[in-house]
Amino acid sequence: MSYVLNDAAAFADESADGFVAAHRNLVRRVRGGVARAAATPAGQVAVVIGGGSGHYPAFAGLVGPGLAHAAAMGNVFASPSAQQVFTVARTVATEAGVLLAYGNYAGDTLNFDQAQEQLLAEGIPCQTVRVTDDICSAPAAETEKRRGIAGDLAVFRVAGWAAEQGHDLEAVAALAARANERTRSIGLAFSGCTLPGAAEPLFTVPPGTMAVGMGIHGEPGIETVPMAPAREIAELLTSRILAERPGTAGSGRIGVIVNGLGSVKSEELFLLYGAISPLLEDAGFTIVDPEVGEYATSFEMAGVSLTVVWLDEELEQAWRSPAYTPAYRKGAVDIATAPTLAPDEAISDAIAVVAAPMEAAAAGLRALQAIDSIRQVIDREVDELGRLDAIAGDGDHGIGMQRGARAAAEAAAAASAVGAGAGSVLTQAGEAWADKAGGTSGALWGLALRAMGHQIGDAEAPSAAAVARAVSAAREAVQRAGKAEIGDKTLVDALVPFSQRLTELTSEGQGLAAAWGAAAATATAAANATADLVPRLGRARPHVEKSLGTPDPGAVSLALAVTAVGGVLDSSNLKEN
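Residues in the sequence shown are numbered from 1 upward in steps of one, following the UniProt record's numbering.
What follows is the structure in structure tokens.
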């Protein structure tokens with residue numbers, strides 16, 4: 001649990017502020033994360049890493065010469081928003097472009113990909129490398145679905161070195177991708193971790209056992225085995241890693257990372273490395289500059305992971321190269337040659353909102369009331385949504401939805417206060433939701449609200465049929481971005497039937513309030529039915545047996561939200577045809 005905090009919702013931001021205050025000679029605060037204190041040298045590719053908070057030294061602690069130029073930082077266990085990634089990357093970009101590198105989680109992929117599109121649209125060259133080192137998160141035949149854990153360090157190190165050598169963007173990306181292809185990790189936990197402000201851990205490990213294959217966001221392990229002495233733990237980790245030796249391994253020289261996940265102390269990690277190293281050497285490998293310590297943590301989780309990087313000549317140069325960051329220092333680096341920059345001034349991305357005609361402004365007020373009803377129901381159900389998510393995921397869905405809904409309600413109120421129509425109210429709410437919530441659900445809810453806002457517009461009060469078309473546009477945007485279909489056990493399982501039913505009823509001439517209420521009942525039934533499904537996407541996918549019998553939290557929150565909106569709709573204030 002977290003002993004030192006003020007407001008759990010502000011934990012990540014306040015921690016980042018303190019981190020920067022402690023390392024002003026190395027990093028500066030920028031909107032959405034942190035960047036090197038010195039500007040990116042002209043002509044050098046900027047390496048931008050990132051992910052959710054709660055994994056220090058990943059990601060902010062790895063910003064500095066020889067490693068990353070900046071880190072986009074999401075809320076606890078939630079990816080940064082697309083706007084955060086874009087803003088951070090734009091801050092450090094040069095004409096040489098930007099490499100985005102991050103762990104392969106659904107929310108990160110969704111938001112970093114959107115940020116890449118924005119960068120390219122502004123004429124900033126950009127490529128991406130996703131870290132996929134965790135061998136327990138998907139089969140060997142599906143390595144593209146694997147997530148990134150402590151192997152992040154190896155890939156980031158290589159990318160940072162390549163950028164420092166003056167390689168162009170294509171070469172930096174290619175070398176980082178090669179490092180990823182040659183990196184394998186496996187972790188195990190002796191206990192779970194607890195989110196700041198939460199009373200219970202995200203998962204527990206039965207006494208006398210170890211959870212093999214857990215994730216750094218609190219995802220449960222894929223199997224539980226009896227607790228064992230260090231030598232047997234070393235044999236388990238080493239044998240499984242070596243069974244995954246890449247076909248491109250080449251020489252017998254390897255980099256090794258023994259990583260602590262939060263509560264396992266340095267002496268224990270050294271003891272474990274002492275048991276691992278002879279096993280690797282007996283298998284014919286030469287260990288080069290091993291790293292033993294904390295590199296990707298999960299709050300107070302008691303656990304360890306082993307990472308092996310199969311080196312070639314160029315990768316070994318990168319692995320052994322100097323670096324100097326707040327949390328990772330190797331060799332000698334001159335950090336006094338470039339002047340430091342001041343923290344970025346706050347940048348507002350708010351779109352100017354203008355007053356709409358009276359009838360449309362009244363619809364904008366109704367949209368605000370709808371958004372605020374979502375905030376209220378999520379505030380009420382936040383713990384239950386987190387409990388559902390923790391069964392097979394990382395347990396942060398309730399908190400993420402709460403952050404997003406609160407930000408959306410605040411933005412909607414500001415837009416409505418100046419007389420905005422429903423389109424602008426929904427668009428502003430969507431922007432705020434995506435930016436403050438981060439993660440997969442934040443990105444998808446942001447897309448949905450923006451799609452509805454763009455479809456409805458501000459010219460007049462929308463008819464029932466117009467609202468149904470807006471919901472259909474939201475459904476299309478969510479499915480296009482998230483790639484989910486009916487049966488994947490996601491929010492789409494509730495959204496699609498809701499949209500279809502709403503369209504059907506409004507096309508028959510039914511008023512919006514009645515049609516919405518009936519469609520919300522359909523969404524609720526569909527959300528409950530996801531208990532009988534097994535996940536095919538997202539973090540719950542490796543834990544199908546755990547999620548069976550439990551409804552999908554994203555589908556449940558969608559059903560709660562549309563039901564709450566139904567309660568505030570009044571057909572007398574809206575056009576019905």
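Cβ coordinates follow ideal geometry from the N, Cα and C atoms, glycine included.
For the candidate residues the options, whose alpha-carbon lies nearest to that of residue i?
i           : options            : result
residue 161 : 454, 448, 324      : 324
residue 515 : 183, 569, 416      : 569
residue 270 : 247, 230, 246      : 230
residue 184 : 66, 478, 257, 278  : 257
residue 563 : 333, 104, 425, 373 : 373
residue 62  : 171, 414, 102, 90  : 102
residue 47  : 362, 53, 64, 139   : 64
residue 478 : 111, 60, 329, 9    : 111
residue 398 : 8, 387, 7          : 387
residue 53  : 43, 217, 114, 171  : 217
residue 552 : 517, 385, 466      : 385
residue 187 : 18, 40, 222        : 222
residue 98  : 320, 85, 532       : 85
residue 120 : 556, 244, 93       : 93
residue 236 : 259, 493, 306      : 306
residue 327 : 55, 44, 9, 182     : 55
residue 88  : 57, 151, 50        : 50
residue 172 : 123, 96, 147, 142  : 96
residue 208 : 311, 224, 442, 158 : 224
Over what stretch of residues does the beta strand (DSSP E) that includes residue i continue unbroken?
i           : result
residue 305 : 303 to 310
residue 226 : 223 to 226
residue 53  : 46 to 53
residue 183 : 183 to 189
residue 430 : Note, residue 430: premise wrong, no beta strand (DSSP E); alpha helix (DSSP H) at 422 to 437.
residue 128 : 126 to 131
residue 293 : 291 to 293
residue 259 : 253 to 260
Mapping DSSP to helix, strand and coil, what is residue i?
i           : result
residue 540 : Reliability of the predicted coordinates at residue 540 is poor, the pLDDT of 48 falling under 50, and the value obtained from them is presented with this limitation in mind. Correct three-state label for residue 540: coil.
residue 397 : helix
residue 463 : strand
residue 5   : coil
residue 447 : helix
residue 298 : strand
residue 276 : helix
residue 330 : strand
residue 99  : strand
residue 241 : helix
residue 164 : helix
residue 134 : strand
residue 73  : strand
residue 58  : strand
residue 143 : helix
residue 503 : helix
residue 198 : coil
residue 210 : strand
residue 509 : coil
residue 30  : strand
residue 24  : coil
residue 267 : helix
residue 325 : coil
residue 35  : strand
residue 149 : coil
residue 378 : helix
Report buried or exposed for residue i, applying the criterion of at least 16 other Cβ atoms within 10 angstroms of its Cβ.
i           : result
residue 3   : exposed
residue 380 : exposed
residue 435 : buried
residue 265 : exposed
residue 73  : buried
residue 331 : exposed
residue 204 : exposed
residue 227 : exposed
residue 291 : buried
residue 251 : exposed
residue 354 : exposed
residue 462 : buried
residue 6   : exposed
Taking residue i as part of the alpha helix (DSSP H), name the residues at either end of that continuous run.
i           : result
residue 87  : 82 to 92
residue 10  : Run containing residue 10: none; DSSP gives neither H nor E here.
residue 517 : 512 to 529
residue 111 : 106 to 121
residue 553 : 553 to 568
residue 313 : 313 to 320
For the ligand FAD, is there any heavy atom lying closer than 7 Å to the beta carbon of residue i?
i          : result
residue 14 : By its list of ligands, the structure shown contains no ligand whatsoever, and the ligand FAD lies outside what it can speak to.
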